[in-house]
Each structure stands twice: as structure tokens, then as C-alpha cells.
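Enquirer: Please read through the structure below; I'll follow up with questions.
Numbering (our numbering), first residue to last: 531 to 811.
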């Protein structure tokens with residue numbers, strides 16, 4: 531019964547995260563390019579106006595906002611203008627439902643469970659926003675840093691506070707040094723400041739022990755993505771945030787009792803023992 535409650539809650543939270551994914555980048559971009567979004571109402575925010583079709587601007591009723599079910603019922607189209615509704619909406623909701631259920635199943639502590647649900651929601655929002663806009667908003671990354679440190683300062687944390695602090699610093703500095711090196715070699719920016727803050731947040735949640743593992747997995751995923759979709763005639767930028775987040779998710783799953791045997795044989799073997807900053811004993 532508890533898992534069902536978490537699954538339904540995850541679907542509902544996923545519906546709200548879809549709002550964040552759509553509206554937060556617009557709110558930030560409007561500050562820089564007000565003329566581009568002149569048609570938006572002055573009070574446009576996460577709460578206003580009510581949910582509507584982004585094409586015809588018609589408001590959606592309660593029955594058209596039921597997570598996953600409404601998308602299937604409407605056959606993935608707006609009931610007014612019949613323009614297709616992105617598959618991203620039900621996928622984000624389903625991912626939330628599945629992640630919340632997995633977290634509640636693997637972590638018996640209510641505090642840790644709720645904290646990890648928050649962690650998963652913010653990471654999923656960041657992954658989609660970065661994929662779509664090459665943007666990692668401070669409004670999401672900075673609270674993620676502080677909430678990770680706060681959780682690990684309590685008995686319900688995933689790692690010790692020392693490990694969380696060193697993880698945050700090590701995550702930030704490792705990408706900062708890579709950014710400096712890339713800028714020196716290529717004479718151009720290769721990584722945004724949001725990636726540094728995101729990696730600091732992941733270190734704050736998962737500890738310094740995770741930094742190398744997350745970086746390794748993220749690098750392998752970026753290599754696969756580059757080989758799969760790169761066009762030799764065109765330099766296409768790939769966001770690093772989703773790869774970091776996927777790496778953090780895999781690392782976190784490796785800590786769960788049920789899934790740990792799947793990772794012990796290869797993840798910990800491939801992960802170097804060296805860390806940029808080693809926590810004090």
C-alpha cells in the first residue's frame with residue numbers, strides 16, 4: 531500500500547515538475563530577452579497562469595491534467611487546437627512514479643526517503659532543462675547543494691558530513707580545472723558554470739567517494755552520445771548535465787541492497803581510488 535501511495539504521489543509531483551521544466555527556462559530567458567516573450571502575461575510564473583496549451587493558450591480543465599491518463603485519453607493532442615502534446619510529459623510523470631516507488635522500497639527511513647524523492651525530482655527537472663535549453667538554473671542547483679549538506683549533517687544522511695563537504699568541493703573544483711584546461715587548449719568555453727554547481731550538488735549528496743564514479747560514468751555516456759549523434763560536418767554542443775545526473779543515478783542505485791550486486795563487480799573496479807580531495811579521518 532505504501533509503495534502505491536508513493537507511486538501515485540510521484541506521478542502527481544512529476545506533473546508539477548513538467549510545469550517547472552516548461553516555465554522556469556522561459557522565466558529566466560525573459561529577463562535577458564524581454565522582447566522575445568512580450569506576449570506573455572506580466573505575472574507569468576510557476577503558479578500563473580493556470581495550465582494551458584503552449585500553442586493555442588487555451589486553459590486545460592482538471593480532467594485534462596490527470597498524470598499520464600489524460601495524455602492517453604487525449605491521444606497526445608490538445609483538446610482545443612489538436613496540436614500534439616510532447617511525449618516528454620507522460621514520460622516525466624512515469625519516471626517520477628517509478629523513482630518514488632524504487633526509493634520507498636529501498637530506503638526504510640521516512641526522512642531519507644522523502645529527501646531522496648526531492649533529490650530525484652530536482653535532478654530530473656535539471657536533466658530535461660539542460661537537454662532542451664543547455665541551461666542549469668541556479669534556482670535548482672544551489673538548493674540542491676545546501677539540501678544535500680543539510681541531509682548529511684543529520685543521522686539520516688547517505689554519507690558523513692565530512693564526506694559531503696569534501697564531495698561538494700571536489701566535484702566543483704574537478705570540473706573547474708577541466709574548464710580552465712579546455713579554455714586554454716581550445717580558446718573557447720567548453721563547460722558552463724551550471725555544470726560545476728551541479729557536480730558540487732551531487733558530491734554534497736553522495737559524498738566524495740562518488741565523485742570519480744559519477745565522473746567516469748558521465749564521461750562514458752558522453753562518449754557514447756557523441757559517437758551516436760555527432761555529425762563530422764557540424765560541431766554540435768552536447769549538454770553535460772544529463773550525463774552527470776545519469777551517473778549519479780547509477781551510483782545511487784549501486785548503494786541499494788537489492789541492486790548492489792549488479793554493480794559491485796564492475797563499477798567499483800573501474801572507479802579509480804584517487805580523489806581530488808581526500809576526507810580527513
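Built from N, CA and C at the ideal position, the CB exists for glycine as well.
#1: CB-CB under 7 Å to residue 670, same chain, minus the five flanking residues each way: which ones, in chain order?
#2: Should residue 748 and residue 770 be called a contact, given that it needs their Cβ atoms to be closer than 8 Å?
#3: Residue range of the alpha helix (DSSP H) that residue 612 falls in?
#4: Applying the 10 Å Cβ sphere with the 16-neighbour rule, what's the burial state of residue 569?
#5: Which residues share a DSSP beta bridge with residue 589?
#6: Given a threshold of 16 other Cβ atoms within 10 Å of its Cβ, counted over all protein chains shown, does residue 647 qualify as buried or as exposed?
#7: Taking only three categories from DSSP, how would you classify residue 637?
#8: Could you compute how far the alpha carbon of residue 696 sits from the alpha carbon of residue 602?
#9: For the region 627-640 against the region 659-676, do three or more pairs of beta-carbon atoms, one drawn from each stretch, fall closer than 8 Å, so that the two count as touching?
#10: Assuming residue 576 contacts residue 598 under a Cβ cut-off of 8 Å, what Cβ separation, rounded to an integer in Å, is found between them?
#11: Would the beta-carbon of residue 546 fall within 8 Å of that of residue 556?
#12: Exposed or buried, residue 759, counting other C-beta atoms within 10 Å across all chains shown (16 or more means buried)?
#13: Would residue 636 and residue 786 qualify as a contact pair, given that the criterion is a beta-carbon distance under 8 Å?
#14: Can you name, in chain order, every residue of its own chain whose Cβ lies under 6 Å from the Cβ of residue 709, other than the five neighbours on each side?
#15: Roughly how many angstroms separate the alpha carbons of residue 588 and residue 609, rounded to a whole number?
#16: For residue 808, which of helix, strand or coil comes out of DSSP?
#17: Ignore the nearest five residues each way along the sequence and tell me which others in residue 660's own chain have a CB closer than 7 Å to its CB.
#18: What number of angstroms, rounded off, separates the C-alpha of residue 614 from the C-alpha of residue 741?
#19: Relative to the C-alpha of residue 572, which residue among 581, 560, 624 is closest?
#20: Once the 5 residues before and after residue 537 are set aside, which same chain residues still bring their CB inside 6 Å of it?
Expert: The answer reads as follows:
#1: Here the set comprises 652, 655, 656.
#2: Contact check for residue 748 against residue 770 passes: the beta carbons are separated by less than 8 Å.
#3: Per DSSP, residue 612 belongs to no alpha helix (DSSP H) and is neither H nor E.
#4: So residue 569 counts as exposed.
#5: The beta-bridge partner set that DSSP reports for residue 589 consists of 582.
#6: So residue 647 ends up on the buried side.
#7: In this structure, residue 637 counts as coil in the three-state DSSP scheme.
#8: Taking the CA atoms as reference points, residue 696 sits about 46 Å from residue 602.
#9: They do not touch, by the three-pair rule.
#10: Contact doesn't hold; Cβ gap of about 21 Å is too wide.
#11: Not a contact, by the Cβ cut-off of 8 Å.
#12: So residue 759 ends up on the exposed side.
#13: A contact, by the Cβ cut-off of 8 Å.
#14: Only 721 meet the Cβ criterion.
#15: If I take the Cα positions, the gap works out to 9 Å.
#16: In this prediction, residue 808 has a pLDDT of 39, which is less than 50 and means its spatial position is unreliable; nothing more can be read from the coordinates.
#17: For residue 660, where only same-chain residues beyond five positions count, the Cβ hits under 7 Å are 666, 769, 771, 772.
#18: Roughly 40 Å between the two C-alpha positions.
#19: Out of 581, 560, 624, 560 has the C-alpha closest to the C-alpha of residue 572.
#20: Cβ neighbours of residue 537 beyond the five flanking positions: 627, 631.
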